[in-house]
Amino acid sequence: MVSIRQISPELEEKCRTELNEVPSRVPEDLAALKQWLAKQPHLNPRTGDQFLVGFLRGCKYSLEKTKEKLDSFYTVKTAIPEFFENRDPKDAKLQEYMMLGVNLPLPHTMGPAGPRIVLVRMGSYDPSKYSIVDIMKVCYMITDLQLLHDDTTIIAGHMVLVDLRGMGLSTLSQMSPTLIKKMTSVIEAFPSRTKGIHFVNPST
């Protein structure tokens, strides 16, 4: 018995027409994926139906692409520990970072099957006080939650709105080429599709 959430008719249609989802075939696809994961003990992966169907949808039900994406997802978590270790949401320091509101998935979408809008406010924190590495750690914690709980993000993708208000050179100076490369690797390992990136309020 497959255990995945019921989704709206609009998202069901998008799954069918854009992501190649065939409901009657989902149990078979999940079983094949679990059999493969059982032979990949180095990944130590989640195997819940909801988690795995998110990757299948993100990879348009290509089993080979899904396997590659899952491998990348767990590889970056091992290769870039500064983003993925010590992520206790009750930790006072992390809660302080969360309250800065740098990465905010907005509740309303662009229509019933529209992408999730994510507001990124890079000018909302003081770079002399807060580390960009910890900022990104919190951002990826939020992304992990979306992967597990936000069907819209997985099925319809996400639109990023970057608010540059208050962002100065000191913030940019934290973003070294090495850090940007690591951030790119993490983004590419998640199964959600970026539908666009828009910048507002640039410095004059």
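Each residue of the sequence shown is one higher than the one before, counting from -8 in the working numbering.
Beta carbons: idealized from backbone N, C-alpha and C, even for Gly.
- request: Measuring alpha carbon to alpha carbon, tell me which of SER115, GLY49 and LYS68 ends up nearest GLN6.
  value: Correcting the residue identity first, residue 6 is Cys in this sequence and not Gln. Closest option to CYS6, judged by alpha-carbon separation, among SER115, GLY49 and LYS68: GLY49.
- request: Could you tell me which uninterrupted alpha helix (DSSP H) segments, each at least 4 residues in length, are contained entirely in the segment 3 to 73, listed from first to last along the chain?
  value: 17 to 29, 40 to 49 and 54 to 70, all fully within the segment 3 to 73.
query: Looking at the structure shown, is ASP142 part of a helix, part of a strand, or coil, going by DSSP?
result: Reduced to three states, the DSSP call for ASP142 is helix.
query: Is there contact between the segment 178 to 188 and the segment 50 to 68, where contact requires at least three CB pairs shorter than 8 Å?
result: Segment contact: the segment 178 to 188 against the segment 50 to 68, three or more CB-CB distances shorter than 8 Å; contact assigned.
task: Look up LEU97 in the DSSP assignment and say whether it is helix, strand or coil.
output: Coil at LEU97, not helix or strand.
field: Strand pairing of THR162, partner residues [DSSP]
entry: DSSP lists no partner for THR162.
- request: With MET89 as the anchor, note down where its alpha helix (DSSP H) starts and where it stops.
  value: Its alpha helix (DSSP H) spans residues 83 to 90.
query: Which residue comes first and which comes last in the alpha helix (DSSP H) that contains LYS172?
result: Element bounds for LYS172: 168 to 180.
- prompt: Nearest to ARG107 by CA position, among LEU21, SER63 and THR134, is which residue?
  reply: Out of LEU21, SER63 and THR134, THR134 has the C-alpha closest to the C-alpha of ARG107.
query: Going by other Cβ atoms of all chains shown within 10 Å of its Cβ, with 16 needed for buried, is GLY92 buried or exposed?
result: By the neighbour-count rule (16 or more Cβ atoms within 10 Å), GLY92 is not buried but exposed.
- prompt: Using CA coordinates, which residue listed in LEU170, SER63 and GLY105 is at the minimum distance from LEU243?
  reply: As displayed, the chain neither begins before -8 nor continues past 195, which places residue 243 out of reach and without an answer.
Neighbourhood of LEU97 by C-beta, 8 Å cutoff - its chain only, sequence neighbours within 5 removed: Non-local C-beta neighbours of LEU97 in its own chain, meaning closer than 8 Å and more than five positions away in sequence, comprise ARG107, ILE108, VAL109 and LEU110, ordered along the chain.
query: Anyone know if the C-beta pair for TYR52 and ASN11 falls short of 8 Å?
result: Yes; because the gap between Cβ atoms is below 8 Å, this pair is in contact.
query: Just reading off the beta strand (DSSP E) that MET(-8) is part of, what are its end residues?
result: Neither: MET(-8) is in no beta strand (DSSP E) and is coded neither H nor E.
message: Closest to GLY102 by C-alpha separation, out of PRO193, ARG112, LEU54 and HIS149, would be which residue?
response: Comparing Cα positions, the closest option is HIS149.
field: Spatial neighbours of ARG37 in its chain, beta-carbon cut-off 8 Å, leaving aside the 5 residues before and after
entry: Once the five neighbours on either side are set aside, the close Cβ partners of ARG37 are LEU43.
query: Thinking C-beta only, is ALA147 closer than 8 Å to LEU47?
result: With contacts defined as CB atoms closer than 8 Å, LEU47 and ALA147 fail to qualify as a contacting pair.
message: Between which residues of its own chain and SER161 is the CB-CB distance below 7 Å, once the five residues before and five after are set aside?
response: By the criterion of a C-beta distance shorter than 7 Å, SER161 is surrounded in its chain by PRO118 and SER119, once the five residues flanking it on both sides are discounted.
- request: Sort PHE75, LYS56, ALA22 and ASP20 by Cα distance to MET174 and report the nearest one.
  value: Considering only alpha carbons, the answer is PHE75.
field: Length of the line joining the Cα atoms of SER15 and ILE(-2)
entry: Taking the straight line from one Cα to the other gives about 15 Å.
Nearest residue (CA-CA) to VAL129, options LYS172, GLU4, LYS81 and MET158: Taking only the C-alpha atoms, the option nearest VAL129 is LYS81.
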